[in-house]
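S.K.: Before I ask anything, let me first share the structure, which is written out below as structure tokens.
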Amino acid sequence: MLDHEYTTKEVFQKNFFADWREEMTHEERKLIKNLSKCDFSEIHKYFMEKAEEKKNMTKEEKKAMKEEGNRLTEEYGFCMLDGHREKIGNFRVEPPGLFRGRGEHPKMGKLKKRIQPEDIIINCGKDSEIPEPPEGHRWKKVQHDNTVTWLASWVENIQGHIKYIMLNPSSKLKGEKDWQKYEVARRLKLIVASIREQYRKDWSSREMKTRQKGVALYFIDRLALRAGTEKDDDTADTVGCCSLRVEHITLHPELDGQEYMVEFDFLGKDSIRYYNRVPVEKQVFKNLKIFMENKDPEDDLFDRINTSYLNKSLSESMPELTAKVFRTFNASTTLQDQLNKLTTDDMSVEEKILSYNRANRAVAILCNHQRAAPKTFEKSMQLLQEKIKKKKEQLVEAKKELKQAKKSHKETPSEKSKKLVEKKEKAVRRLQEQLTKLQLQMTDREENKVIALGTSKLNYLDPRITVAWCKKHKVPIEKIYNKTQRDKFAWAIDMAGEEFQF
DNA sequence: TGGTTGACTTGGCTTCAGGATT
DNA sequence: AATCCTGAAGCCAAGTCAACCA
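Just so you know, we're using this note's numbering here: the first sequence kicks off at -17 and counts up by one.
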């Protein structure tokens, strides 16, 4: 961990040292009193050498390692559910280490303890074979609760949260849940117009609580904000819609030539910054002003409501409707609209894929799915640039040769010279295609520098939209979904025809 | 009504296998 | 065969939301 910047943070060092001292013997505690006087270079070196050793293993050793890994997965990575053999998602218990957390987490650096069999609850079928605990140990408990999906659990010592062993996304159980999720979002589509009408009415309600609900829901719908459930104090300070504070928004009666602008700036899930400037309706602007009156920056913007109230009122519009459904609904709707807008029949498969990625990107931007620019970004762009340059030169050369061939064919026509012209024409065409492909790749990568597509693809986009699009436009599904994704979305690949509409 | 707990989904980052390139 | 590079798998933290309890 010494290579990481966060080990230099005061909170990290303080937490780590406190927990470390707990583990010390009486003598050690007497001796080791100041972290800054501790020299970890030897153990650091030891681990570096270990890593080096591993890297330098012979082919045979590597192969043996891999086989052992496969054997373990084969033995522990599957379970039987309702008579089907299903893949388990995370079948290994989390190893001990130093807790990091995201953003300015107050518990960073604390010691995450090793989990013992005595910490583990096994949840299996009544008549299934109970897994043996390691020699000399016993499980905390063995239970047979068929109302939950987890196979094993333990309590983690940093926050006291429960951790679970659950099934892989490719499993029937998870697939069915996923399908249901999208069906709920599709039901929202049918009533969203009336919900929008209602929350606009709520902006002028006599009750401040109702107004807050109306504005919050508008943000959730229009900006795809998360619900914003309140959280413990001893976690990183992040917010969602309902937990927004006055300090997170700035009102501009006019900005960039537009009226009623709201500027958002806050840290959301995983301490990812959300920054956005949006023009809003006059009534929304007026309400926000009222909500902010006589408040300090650190006061809640929506002080009369919370996610539980919001969800309760949503469930009256439609059973199973909660705040997060809007994200799924808006993401999937956006994908479908963008795909319709960006795809035409005359496109090549590569161009269609770029269109798909652009549609996917529109969703990722809506949901604020960001990533750090890849460490290798500049380098890999440069590489691509060089490839393009080389290809261009080749193209110029090929064109020259074609011209030459044409010329000699004109001067002394023969079967042979005709063939040569055709051959050169073909070469030019091929190079041209390869060049466009590279340029498309470049555009795609550039536009994707700080945008993460994976999260929306995996969690927000109804896979049936993608499957239908692939079928309609003759794009092989393998070009859009990799193996894992195809496994996860097997239900949609089976189910959706090209006529599917979200 | 408000706080807590439990179960499940969502999320970005790291690691590493394996294909591409030299 | 060695090295490079990338995509995917894996990791585990951090959300959402319902049930439960006082």
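Beta carbons: idealized from backbone N, C-alpha and C, even for Gly. Remember, it's a predicted structure, so these values are computed and weren't measured experimentally.
#1: Between VAL345 and the rest of its own chain, which residues show a CB-CB distance below 6 angstroms, the 5 nearest in sequence each way excluded?
#2: Are LEU336 and ASP219 closer than 7 angstroms when you measure CB to CB?
#3: In the DSSP assignment, find the alpha helix (DSSP H) that holds MET243 and state where it starts and stops.
#4: Going by CA-CA distance only, name the one from TRP2, LEU377, HIS26 and GLU415 that's closest to ASN16.
#5: Taking contact to mean 3 or more Cβ pairs, one atom from each stretch, closer than 8 angstroms, check whether the segment 230 to 244 and the segment 290 to 297 are in contact.
#6: Given a cut-off of 7 angstroms, decide if TYR256 and ASN350 are closer than it, judged by their beta-carbon atoms.
#7: Taking only runs that begin and end inside the segment 133 to 175, name each unbroken beta strand (DSSP E) of 3 or more residues, in chain order.
#8: Using CA coordinates, which residue listed in ARG120, ASP469 and ASN288 is at the minimum distance from GLU212?
#9: Taking all protein chains shown into account, do 16 or more other C-beta atoms lie within 10 angstroms of the C-beta of SER152, making it buried, or fewer, making it exposed?
#10: Under 7 angstroms between the Cβ atoms of TRP451 and LEU321?
#11: For the beta strand (DSSP E) containing GLU57, name the first residue and the last one.
#12: What does a CB cutoff of less than 6 angstroms around GLU379 pick up in its chain, not counting 5 residues either side in sequence?
#13: How is the alpha helix (DSSP H) around ARG120 delimited, first residue to last?
#14: For ASN105 versus TRP136, is the C-beta spacing smaller than 7 angstroms?
#15: For ASP319, list the residues DSSP reports as bridge partners.
#16: With DSSP run on the structure shown, which of helix, strand or coil describes CYS489?
#17: Within a Cβ cutoff of 6 angstroms, which residues of the same chain sit near ARG412, ignoring the five residues on either side of it in sequence?
#18: Under the rule that 16 or more other beta-carbon atoms within 10 Å means buried, what is VAL266, buried or exposed?
#19: Which residues bound the beta strand (DSSP E) around ILE103?
#20: Under DSSP, the alpha helix (DSSP H) around ARG446 begins and ends at which residues?
#21: With a threshold of 7 angstroms on Cβ separation, who are the neighbours of PHE(-1) within its own chain once the five nearest residues in sequence on each side are excluded?
#22: Would you mind reading off the limits of the alpha helix (DSSP H) that contains HIS87?
#23: Apply the 10 Å Cβ neighbour rule to ARG120 and answer buried if 16 or more other Cβ atoms are within range, or exposed otherwise.
#24: Going by beta-carbon coordinates alone, are CYS223 and ILE202 separated by less than 7 angstroms?
#25: Measuring straight from C-alpha to C-alpha, what distance separates HIS8 and PHE81?
#26: Classify PRO445: buried if its beta carbon has 16 or more other beta carbons within 10 angstroms, exposed otherwise.
#27: Excluding the 5 residues preceding and the 5 following PHE(-6) in the sequence, name in chain order all residues of the same chain whose CB lies nearer than 7 angstroms to its CB.
#28: Considering only residues of the segment 295 to 341, which uninterrupted alpha helix (DSSP H) runs meet the minimum length of 4 residues and lie entirely inside it, listed in chain order?
#29: Determine the DSSP secondary structure at PRO235, reduced to helix, strand or coil.
#30: Can you tell which of GLU31, HIS455, THR394 and GLN367 has the C-alpha that lies nearest to the C-alpha of LEU417?
#31: Determine whether the beta carbon atoms of VAL449 and ALA478 lie at a separation below 7 angstroms.
#32: Tell me the rounded alpha-carbon separation between LEU348 and ALA206.
#33: Just to confirm, is the Cβ distance from ARG286 to GLN194 under 7 angstroms?
#34: Using 10 angstroms around the beta-carbon of CYS61, count the other beta-carbons present and answer buried if the total reaches 16, otherwise exposed.
#35: Using the C-alpha atoms, what's the distance from PRO78 back to ILE25?
#36: Out of curiosity, what's the CA-to-CA distance linking HIS66 and THR466?
M.R.: According to the structure shown:
#1: By one-based count along the first sequence, residue 345 stands at place 363. Hits under 6 angstroms: ALA313, THR316, LEU317 and SER438.
#2: Indexing the first sequence from 1 puts residue 336 at position 354. Indexing the first sequence from 1 puts residue 219 at position 237. Not a contact, by the Cβ cut-off of 7 angstroms.
#3: Mapped onto the first sequence, residue 243 falls at position 261. Element bounds for MET243: not the alpha helix (DSSP H) but the beta strand (DSSP E), 240 to 249.
#4: One-based indexing of the first sequence puts residue 16 at position 34. The shortest Cα separation from ASN16 among TRP2, LEU377, HIS26 and GLU415 belongs to TRP2.
#5: no
#6: Position 368 of the first sequence, counting from 1, holds the residue named residue 350. Position 274 of the first sequence, counting from 1, holds the residue named residue 256. In this structure, TYR256 lies closer than 7 angstroms to ASN350 by Cβ.
#7: 134 to 137 and 144 to 147
#8: Position 230 of the first sequence, counted from the start, is the residue given in the question as residue 212. Nearest option by C-alpha distance: ASN288.
#9: To locate residue 152, count along the first sequence from 1; it is residue 170. Counting Cβ neighbours within 10 Å, SER152 comes out buried, since at least 16 surround it.
#10: Translated into the one-based positions of the first sequence, residue 451 becomes position 469. Translated into the one-based positions of the first sequence, residue 321 becomes position 339. In this structure, LEU321 lies closer than 7 angstroms to TRP451 by Cβ.
#11: Looking up residue 57 in the first sequence gives position 75. Counting along the chain, GLU57 falls outside any beta strand (DSSP E), though it belongs to the alpha helix (DSSP H) covering 41 to 58.
#12: Numbered from its first residue, the first sequence carries residue 379 at position 397. Result list for GLU379: empty, nothing under 6 angstroms.
#13: Locating residue 120 in the first sequence gives position 138, where the first residue counts as 1. It is not in any alpha helix (DSSP H) - ARG120 carries neither H nor E in the DSSP assignment.
#14: The residue given as residue 105 occupies position 123 in the first sequence. The residue given as residue 136 occupies position 154 in the first sequence. Going by C-beta atoms, ASN105 is not nearer than 7 angstroms to TRP136.
#15: Your numbering for residue 319 matches position 337 in the first sequence. Its beta-bridge partners do not exist; DSSP assigns none.
#16: Examination of residue 489 is not possible in this model, given that the chain is present from -17 through 484 alone.
#17: As a working mapping, residue 412 is identified with position 430 in the first sequence. None.
#18: For the purposes of this step, residue 266 is taken as the residue at position 284 of the first sequence. Result: buried.
#19: For the purposes of this step, residue 103 is identified with residue 121 of the first sequence, where counting begins at 1. Per DSSP, ILE103 belongs to the beta strand (DSSP E) from 103 to 105.
#20: To locate residue 446, count along the first sequence from 1; it is residue 464. 445 to 454 is the span of the alpha helix (DSSP H), which, as asked, contains ARG446.
#21: As a first step, residue -1 is located in the first sequence; it is residue number 17 there, counting from the start. Excluding sequence neighbours, PHE(-1) sits near LEU17.
#22: The residue labelled residue 87 in the question sits at position 105 within the first sequence. Careful: HIS87 lies outside any alpha helix (DSSP H) and carries neither H nor E.
#23: Counted from its first residue, the first sequence places residue 120 at position 138. Exposed.
#24: Counting from one through the first sequence, the residue named residue 223 turns up at place 241. Counting from one through the first sequence, the residue named residue 202 turns up at place 220. Contact: yes.
#25: Translated into the one-based positions of the first sequence, residue 8 becomes position 26. Translated into the one-based positions of the first sequence, residue 81 becomes position 99. Their backbone Cα atoms lie some 25 angstroms apart in a straight line.
#26: Locating residue 445 in the first sequence gives position 463, counting from the first residue. The residue in question, PRO445, is buried, as its Cβ has 16 or more Cβ neighbours within 10 Å.
#27: Along the first sequence, read from residue 1 onward, the residue named residue -6 stands at position 12. Closer than 7 angstroms at Cβ, skipping near neighbours: TYR(-12), MET90 and GLY91.
#28: 305 to 324
#29: Locating residue 235 in the first sequence gives position 253, where the first residue counts as 1. Three-state DSSP puts PRO235 in a strand.
#30: What you label residue 417 is simply residue 435 of the first sequence in a count that begins at 1. For LEU417, the nearest C-alpha among the options comes from GLN367.
#31: For the purposes of this step, residue 449 is identified with residue 467 of the first sequence, where counting begins at 1. For the purposes of this step, residue 478 is identified with residue 496 of the first sequence, where counting begins at 1. Cβ atoms of VAL449 and ALA478: closer than 7 angstroms.
#32: For this step, residue 348 is matched to residue 366 along the first sequence. For this step, residue 206 is matched to residue 224 along the first sequence. Spanning the two alpha carbons is a distance of roughly 7 angstroms.
#33: In the first sequence, counting from the first residue as 1, residue 286 sits at position 304. In the first sequence, counting from the first residue as 1, residue 194 sits at position 212. Their beta carbons are under 7 angstroms apart, which means ARG286 touches GLN194 by this criterion.
#34: For the purposes of this step, residue 61 is identified with residue 79 of the first sequence, where counting begins at 1. Buried, since its Cβ has 16 or more Cβ neighbours within 10 Å.
#35: For the purposes of this step, residue 25 is taken as the residue at position 43 of the first sequence. For the purposes of this step, residue 78 is taken as the residue at position 96 of the first sequence. Looking at the two C-alpha atoms, the distance is approximately 17 angstroms.
#36: For the purposes of this step, residue 66 is taken as the residue at position 84 of the first sequence. For the purposes of this step, residue 466 is taken as the residue at position 484 of the first sequence. HIS66 and THR466: Cα-Cα distance of roughly 19 angstroms.
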